[in-house]
Amino acid sequence: MHVLLVNKYWYVRGGADRIAIASKKRLEELGHTVSVFGMAHPKNIYKHRLFVPFVDYDAVTGMDRIRAGLQSIYNTDAKRRFRLFLEETRPDVIHLHNVYYQLSYSLVSVAKSMHIPVVLTTHDYQLLSPNYTLFRNGQVDTSVLGAQYYKCLFSRCLGSFSRSLAGTIEAYVRRWSGVHKSISHYISSSCFQKNLFVQSGWRSKDITVVANAVPIPKARELSHKKGEYVFFMGRLSPEKGIDVLFDAAIKTPDISYKIAGAGSLFDHLKKRITHERISNIELVGYKSGKVLTRLIDGARLVVVPSIWYENSPLSILEAMARGKVVLGSNIGGIPELLPRECIFQPNNADRLAQCITMWYSSPLSKREKCGAFLRSEVIHKYSIDHHVGKLLEVYRSVL
Numbered sequence: 005m006h007v008l009l010v011n012k013y014w015y016v017r018g019g020a021d022r023i024a025i026a027s028k029k030r031l032e033e034l035g036h037t038v039s040v041f042g043m044a045h046p047k048n049i050y051k052h053r054l055f056v057p058f059v060d061y062d063a064v065t066g067m068d069r070i071r072a073g074l075q076s077i078y079n080t081d082a083k084r085r086f087r088l089f090l091e092e093t094r095p096d097v098i099h100l101h102n103v104y105y106q107l108s109y110s111l112v113s114v115a116k117s118m119h120i121p122v123v124l125t126t127h128d129y130q131l132l133s134p135n136y137t138l139f140r141n142g143q144v145d146t147s148v149l150g151a152q153y154y155k156c157l158f159s160r161c162l163g164s165f166s167r168s169l170a171g172t173i174e175a176y177v178r179r180w181s182g183v184h185k186s187i188s189h190y191i192s193s194s195c196f197q198k199n200l201f202v203q204s205g206w207r208s209k210d211i212t213v214v215a216n217a218v219p220i221p222k223a224r225e226l227s228h229k230k231g232e233y234v235f236f237m238g239r240l241s242p243e244k245g246i247d248v249l250f251d252a253a254i255k256t257p258d259i260s261y262k263i264a265g266a267g268s269l270f271d272h273l274k275k276r277i278t279h280e281r282i283s284n285i286e287l288v289g290y291k292s293g294k295v296l297t298r299l300i301d302g303a304r305l306v307v308v309p310s311i312w313y314e315n316s317p318l319s320i321l322e323a324m325a326r327g328k329v330v331l332g333s334n335i336g337g338i339p340e341l342l343p344r345e346c347i348f349q350p351n352n353a354d355r356l357a358q359c360i361t362m363w364y365s366s367p368l369s370k371r372e373k374c375g376a377f378l379r380s381e382v383i384h385k386y387s388i389d390h391h392v393g394k395l396l397e398v399y400r401s402v403l
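Under this note's numbering, the first residue of the sequence shown carries the number 5, and numbering increases by one thereafter.
What follows is the structure, encoded as structure tokens:
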């Protein structure tokens, strides 16, 4: 089978990129032909002359921002390049990952005109709202669900008026042009997200849940350290609930915390540590690779305190794969990954502190048993083989 994977970025920038790159490698190992299309970012590990020119939406200003906003609604250059790419490669099936803004959904009309089936993975909620996180002003915002996109403009759900206007127009253009009906099948990585799409008008039979995947280390590669701290890894932004974790840390002064990540709240968190004289939290910055692995291995607990509709966080699966006890908020798709005793009420520092204290002080044997169970879950449900096997079932169903 010849599969074309389409994603904005072809380097590891976030979870969607990691999944797309990993699935490409595994599909090729299984003997399938895999082509890729995307934006010509300088960090890409895959390149092609027809890739769409790189646009940094956070950096453009003035007329360039207006031009970029118009392209995000319907990118005619991306459409032209994609047609040439399809004529050259002739794939059997097209699998879209994140394409909005820089590539746009104009690609779907090209595939339809050439009678090539399209599968799309909904890594977030952008098809439901211009605000792809459904998070605004410190809380989940579902006011636009049911195609009430105009509410995004009134609330400036994307921050500025101009960005919210472009996002609102793009959403209506996409809906009126029938893009969602031109996609043969949808993939979600959580039942929660699938249900939200169904509640918003999608047909259940058009969406298949395919769990995310992470690399699974060999048993001999695992650390058997007792663990000396509570660990958080991820983007330091409001929806991740990092301030809630800070509040819980203040309530548990005898427990050490390490925070790995970068983002808009980094300076704010540094100031909190200084001004509130928090002595049990260490901000270690963005970490990856072996350094991040060592930090996970050295932790007694890994905590995911998100306060938005997380879909299926790779950070949870990574820690589970290394046999760690993971605690997560009862929100979005997180409860689908963890047992009840590892779940706490979101945005509640008292409950989080209680959960951390209970697990941190529990016998080593109890933590090892829980960690072994979570690792077993990853092996049986969240391997790349399982993920790609499900993808192939979806691909074959649309041919």
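C-beta: ideal position from N, C-alpha, C; glycine also.
No experiment lies behind these values; they were computed from the predicted model shown.
Beta-carbon separation (whole angstroms), residue i vs residue j, contact threshold 8 Å
i: TYR290; j: ALA264; result: 7 Å
i: HIS392; j: VAL97; result: Strictly speaking, residue 392 in this sequence is Val, with His absent from that position. Their Cβ separation, rounded to whole angstroms, is 14 Å, which puts VAL392 and VAL97 out of contact at 8 Å.
i: ASN216; j: ILE23; result: 6 Å
i: VAL114; j: LYS83; result: 6 Å
i: TRP312; j: THR137; result: 6 Å
i: HIS101; j: ALA20; result: 5 Å
i: VAL10; j: HIS99; result: 7 Å
i: ASP301; j: LYS229; result: 6 Å
i: LEU111; j: LEU88; result: At roughly 12 Å, the Cβ-Cβ gap does not stay under 8 Å, so LEU111 and LEU88 are not in contact.
i: ASN48; j: TYR78; result: Actually they do not touch by this definition, with Cβ atoms about 24 Å apart.
i: VAL56; j: ARG85; result: 6 Å
Distance CB(residue i)-CB(residue j) smaller than 7 Å
i: ALA325; j: LYS255; result: no
i: VAL288; j: LEU305; result: no
i: PRO95; j: LEU8; result: yes
i: LYS28; j: GLN106; result: no
i: PRO321; j: TYR261; result: The amino acid at residue 321 is misidentified as Pro; the sequence shows Leu. No, these two residues do not count as a Cβ contact at 7 Å.
i: LEU157; j: SER168; result: yes
i: TYR233; j: ALA303; result: yes
i: PRO221; j: GLY171; result: no
i: LEU226; j: GLY375; result: no
i: TYR153; j: ALA175; result: yes
i: LYS274; j: SER186; result: no
i: LEU296; j: VAL218; result: no
i: PRO309; j: VAL382; result: no
i: LEU378; j: CYS359; result: no
i: PHE250; j: VAL307; result: no
i: VAL3; j: SER164; result: An answer regarding residue 3 cannot be provided, because it is not within the stretch 5 to 403 covered by the chain.
i: SER204; j: LEU149; result: yes
Classification of residue i by the beta-carbon crowding that lies within 10 angstroms, buried from 16 upward
i: VAL407; result: Lying before the first or after the last residue shown, residue 407 is absent from the chain, which here runs from 5 to 403.
i: TYR364; result: buried
i: ARG298; result: exposed
i: TYR190; result: buried
i: ILE278; result: Residue identity differs from the one stated: residue 278 is Thr in this sequence, not Ile. The residue in question, THR278, is exposed, as its Cβ has fewer than 16 Cβ neighbours within 10 Å.
i: SER208; result: exposed
i: THR80; result: exposed
i: GLY238; result: buried
i: ALA151; result: exposed
i: ALA223; result: exposed
i: ILE259; result: buried
i: SER292; result: exposed
i: GLY231; result: buried
i: GLU314; result: buried
i: ARG178; result: buried
i: SER316; result: buried
i: PRO350; result: buried
i: TRP180; result: exposed
i: HIS119; result: exposed
i: HIS6; result: exposed
i: SER108; result: buried
i: LEU90; result: buried
i: ARG344; result: exposed
i: LEU368; result: exposed
i: LEU34; result: exposed
i: HIS384; result: exposed
Between the stretch 133-142 and the stretch 237-246, do at least 3 Cβ pairs fall closer than 8 Å? yes
Counting pairs of Cβ atoms below 8 Å between the stretch 125-134 and the stretch 31-51, do you hit three or more? no
Length at least 4, wholly inside the stretch 172-259: the alpha helix (DSSP H) runs in chain order: 183-186, 195-203, 246-255
At 3 residues or longer, what runs of the beta strand (DSSP E) sit wholly inside the stretch 47-132? 97-100, 122-125
Would you mind listing the alpha helix (DSSP H) stretches within the stretch 345-386 that are 4+ residues and don't spill past its ends, in chain order? 353-364, 368-385
Counting beta carbon pairs with one atom in the stretch 328-343 and one in the stretch 196-203, are three or more of them shorter than 8 Å? yes
Inside the stretch 9-41 only - beta strand (DSSP E) runs reaching at least 3 residues: 37-41
Which full runs of the alpha helix (DSSP H) of 4+ residues lie inside the stretch 263-333, going along the chain? 270-279, 293-301, 318-325
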